[in-house]
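Trainee: Questions regarding the structure given below will be posed in turn.
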Amino acid sequence: LCQLCYAAEDMAEGSSDARVVSFHSANRWQLHFNSRKDSNKLLVVDFAASWCGPCKFMEPAVHAMAAKFTDVEFAKIDVDELPDVSQEFGVQAMPTFVL
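Quick note: the sequence shown uses UniProt numbering, first residue 1, plus one each step.
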């Protein structure tokens, strides 16, 4: 996590949930994303929606991958909370994963 944004509002210490960072602010996301531009670490962004059945189906798999692949950063963005960010990445269906 970048030290500028502290976007881990709902991360649980020591659980696989702590490996998937949910962003609820476009400003925090932008700060975090910009801070990573020079990083070689893989970033997986999960664009989802709370009402999306396939998103709910994929969530356990995403958390399992986050727990297994600790050298990869996992982020989650709710398309309804951050529509501008979703549009910027060309999200048209959920779930959408961007690497």
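Where is the CB? At the ideal position from N, CA and C, for every residue including glycine.
If you run the structure through DSSP and keep just helix, strand and coil, what is Ser16?
Mentor: Mapped onto the sequence shown, residue 16 falls at position 16. Here Ser16 scores only 48 on pLDDT, less than 50, and its place in the model is too uncertain to base an answer on.
Trainee: Just curious, the beta strand (DSSP E) that Lys76 is in, first and last residue?
Mentor: Residue numbering aside, residue 76 sits at position 76 when the sequence shown is read from its first letter. Where Lys76 is concerned, the enclosing beta strand (DSSP E) stretches over Glu73 to Asp78.
Trainee: Return helix, strand or coil for Ala48, following the three-state DSSP convention.
Mentor: One-based indexing of the sequence shown puts residue 48 at position 48. Ala48: strand per DSSP, three-state reduction.
Trainee: Near Phe89, what residues of its chain come up, given a Cβ to Cβ distance below 8 Å and the 5 sequence neighbours on each side ignored?
Mentor: Numbered from its first residue, the sequence shown carries residue 89 at position 89. So the list reads Val45, Phe47, Thr96 and Val98, once near-sequence residues are dropped.
Trainee: State buried or exposed for Gly14, treating a residue as buried only when at least 16 other CB atoms are found within 10 Å of its CB.
Mentor: Here residue 14 refers to the residue found at position 14 when the sequence shown is read from its first residue. Residue placement at Gly14 is poorly supported in this model, since its pLDDT is 41, which falls under 50; the coordinates are not used for a value here.
Trainee: Apart from the five residues on each side of it in sequence, which residues of its chain come closer than 7 Å, Cβ to Cβ, to Val62?
Mentor: Walking along the sequence shown from the start, residue 62 turns up at place 62. Val20, Asp46 and Phe74.
Trainee: Please classify Asp84 as buried or exposed, where buried requires at least 16 neighbouring CB atoms within 10 angstroms.
Mentor: Working through the sequence shown from its first residue, we reach residue 84 at position 84. Asp84 comes out exposed.
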